[in-house]
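See below for the structure under consideration.
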Amino acid sequence: MRDESSNDVNIKIWQLLFLQQISQSYQIIYLSYLIWNFDPLYLMSQYWLLDIFMLTALGLLKIKYKAIVHNLIMDTLIGSVLKLLLLINVKYYQRFQIQYFSYAIMAYYFIRVLVQNIRKISNNQQITQYSFIAQGIKLLFVLQIMLMTMKQTKTINWNWYSVFSISWGLLILSFIVYFVFLLSIGETIVDFIRNRTTKTQLIGGLWLSLYMNSFSIFPMWFLLEVSWHEETNYSNTVSTLFLVLIIYNGLILLGLILFFSQIKLYILEMRQNSSNEATQKVQKQFIKVNIPYKIIQISSTYFDIINYQKNIITVTHSNQSVIHNKTKLKAFEFVGKTEQLQSPAAERELELIKHSEEKCQICYDVEPNIVLLPCQHGGICQECIQKWLEKQNNCYICREKIEKYLRIAKSHEEGKFTIRDIAICD
């Protein structure tokens, strides 16, 4: 398991470097175009070479590491076509209405995001926060391209500072995150001087701060130079930015080569700490139950709470259908509490329950001890429910949102179970 995690981090580090180098290369090529007044054909040919390199790298990821890169390949191809149309508009036929192609790209990405989310919902997959943010950023980026093409064809008469308004907004948010991270790195440096932190944390933090700067301060500087040059056709600091980016890229690459082991260990520790925090968040939510509740198993996957008041047992949902098939989602046939019911149908079902599996249907290792609320389905152990909730918060059977879950235990009396405590889900 550790080797797999280590290999994942290796791939992740090189993916991060690849993303940073490609992003900075686009900026460096455009700056060289401004400095030496190259022909637009030169600019686009350099970008096409980058696209070929990206497609080759994505192909290797797909073939060697079985990575899912279909969308990235399509994005790169769409970008190549857009560059060709831009070249036609700028160099050969300025009346070519390229903005219509950007409208089509916007429609394509919007439909793609919609279809992907509908597919996830239909397959009972959770739409993660990371996926939601990534999709939103991609749509905003496409909207930015649309504004640029509209400016190029004079469909809008904004100045270039306004045209890049979407990029300015994203970069300001990125800078805020980067600034907060810099504060934490400052604390790390102080702790290292006082011998309260390790060299790995210092080196890893410093390298990551340099990396994050590539997506905050430098892009803002680049957009400022481009906007100023497009408005005035002149800028004093374009050459300075060009040299700074080249040196900065070299430092990031050199730092990764020299301190790869420390950077890798730093990222592994970050992932481990994040995993531990998520687990602790679930574990510390249990609340003791003062009311003497007990629970009864109606079927292999459905439970009912019994409230003992004045020795009168009240069973809710007594008309609930008690035959449940095993779910196809690796269904956990939960063994909970059983109570003797006064009906032939219930007795027959209790016989079925007695022969059902008494292990968690996720790990098949320990007895299940969790019942979900409000749907009252069960069939999972405490460790597995914690892992389940890290990914989604819907019941595995009925897909109803999990608001709470019960931790149950067998009572001294045979066939009876009591509720130990309750966990509140965020």
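For what it's worth, UniProt numbering labels the leading residue of the sequence shown as 1, then goes sequentially. We put the beta carbon where it would ideally sit given N, CA and C, even for glycine.
Alpha-carbon spacing of residue i relative to residue j, whole angstroms
| i | j | result |
| --- | --- | --- |
| S32 | F242 | 7 Å |
| W160 | E230 | 7 Å |
| V366 | K64 | 37 Å |
| I172 | I166 | 10 Å |
| G204 | W221 | 25 Å |
| I422 | C360 | 19 Å |
| N157 | T149 | 12 Å |
| E383 | S131 | 25 Å |
| I370 | N124 | 21 Å |
| Q99 | M146 | 6 Å |
| Y234 | L43 | 18 Å |
| I193 | G169 | 37 Å |
| L389 | Q15 | 28 Å |
| W228 | S162 | 12 Å |
| L82 | K66 | 28 Å |
| residue 431 | L256 | The structure shown does not extend to residue 431, since the chain is modelled only from 1 through 426, so no value can be given for it. |
| Q94 | T155 | 13 Å |
| I118 | I52 | 32 Å |
| K387 | V69 | 27 Å |
| N71 | L55 | 12 Å |
| G79 | Q129 | 26 Å |
| T418 | Y364 | 23 Å |
| K328 | I385 | Only weak support is given to the placement of K328: the predicted model assigns it a pLDDT of 32, under 50, and the value that follows is read from those uncertain coordinates. Roughly 18 Å between the two C-alpha positions. |
| T188 | L251 | 21 Å |
| N195 | I246 | 35 Å |
| S45 | Q272 | 44 Å |
| G136 | T232 | 33 Å |
Residue i versus the options, residue with shortest Cα-Cα distance
| i | options | result |
| --- | --- | --- |
| W362 | H377, C381, L372 and L268 | The residue you asked about is not Trp; residue 362 is Ile in the sequence shown. That would be C381, whose Cα lies nearest to the Cα of I362. |
| Y47 | G204, N37 and S23 | S23 |
| T240 | L19, Q15, F18 and I28 | I28 |
| A107 | Q125, L140, Q129 and S131 | L140 |
| A134 | Q97, N123, Q116 and S122 | Q116 |
| R407 | Q376, N393, K401 and N249 | Q376 |
| Y109 | N7, F101, L85 and K138 | K138 |
| V177 | I397, L208, V238 and I111 | L208 |
| N236 | Y26, M270, D8 and E225 | E225 |
| Y248 | I189, Q144 and P219 | P219 |
| F260 | K387, T232 and L206 | L206 |
| residue 512 | L61, Y396 and Y364 | For residue 512 there is no data in the structure shown, the boundaries of the chain being 1 and 426. |
| M270 | I385, Y26, K391 and L202 | L202 |
Proximal residues to residue i (C-beta, below 8 Å), its chain only, five neighbours per side dropped
| i | result |
| --- | --- |
| K12 | I267 |
| residue 451 | Outside the modelled stretch of the chain, which goes from 1 to 426, sits residue 451, for which no answer is possible. |
| L253 | L17 and Q21 |
| F38 | S32 |
| L19 | none |
| I127 | N117, K120 and I121 |
| Y103 | M146 |
| R112 | N71 |
| L258 | none |
Beta-carbon contacts of residue i that lie in its chain and below 7 Å, excluding the five residues immediately before and after
| i | result |
| --- | --- |
| L41 | L87 and K91 |
| K401 | N393 and N394 |
| V244 | none |
| N7 | none |
| L143 | M106 and I166 |
| K391 | Q126 |
| V238 | L31, L34, I35, E225 and H229 |
Assumed close pair residue i, residue j - CB separation to whole angstroms, cut-off 8 Å
| i | j | result |
| --- | --- | --- |
| I73 | L58 | 5 Å |
| A409 | R420 | 5 Å |
| L85 | F101 | 6 Å |
| Q262 | T200 | 5 Å |
| L223 | F164 | 5 Å |
| L61 | S25 | Not a contact, Cβ separation roughly 18 Å. |
Own chain, CB closer than 6 Å to residue i, minus 5 neighbours either side, in chain order
| i | result |
| --- | --- |
| S174 | F215 and S216 |
| D75 | none |
| I96 | Note that residue 96 corresponds to Phe in the displayed sequence, not to Ile. Around F96: I88 and N89. |
| L341 | Residue placement at L341 cannot be trusted, given a pLDDT of 42 that sits under 50; the coordinates are not used to answer. |
| D191 | T197 |
| L372 | C395, I402 and Y405 |
task: Flag this pair as touching only if the segment 178 to 186 and the segment 209 to 218 have three or more C-beta atom pairs under 8 Å; answer yes or no.
output: yes
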